[in-house]
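Asks: In terms of this note's numbering, the sequence shown opens at residue 8 and continues consecutively. Cβ atoms here follow ideal geometry from the backbone N, Cα and C, with glycine treated the same way.
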Amino acid sequence: MKEGVIPHVEEMQAELSDIELEELHQLQIDVIDELHEGFKKACRMIMMKKEKHYGMNIISKRKMKRLKRAEWQP
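Below, the structure is given as structure tokens:
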């Protein structure tokens, strides 16, 4: 048994057909993509708030690094 996997989940996965497993995997990928988009959007909003707070347009190296860091790939 894999460490960290709940036993009944492993049993349920064993009962699923290959097509159902593929659909489940695709659903997991879609959820991760949605979370990733939300995360990037939140990072952009935070940066925009900081720009307003400091009263300047900070499209500097610092901002570019943060935005690139926010665009991680799962």
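1. Cα separation between Q33 and M54?
2. Where K47 and Q35 are concerned, what is the direct C-alpha to C-alpha distance, given to the nearest angstrom?
3. Could you spell out where the alpha helix (DSSP H) holding L74 opens and where it closes?
4. Give the straight-line distance between the Cα atoms of Q20 and K59, rounded to the nearest whole angstrom.
Replies: For this structure:
1. 32 angstroms
2. 18 angstroms
3. 68–77
4. 50 angstroms
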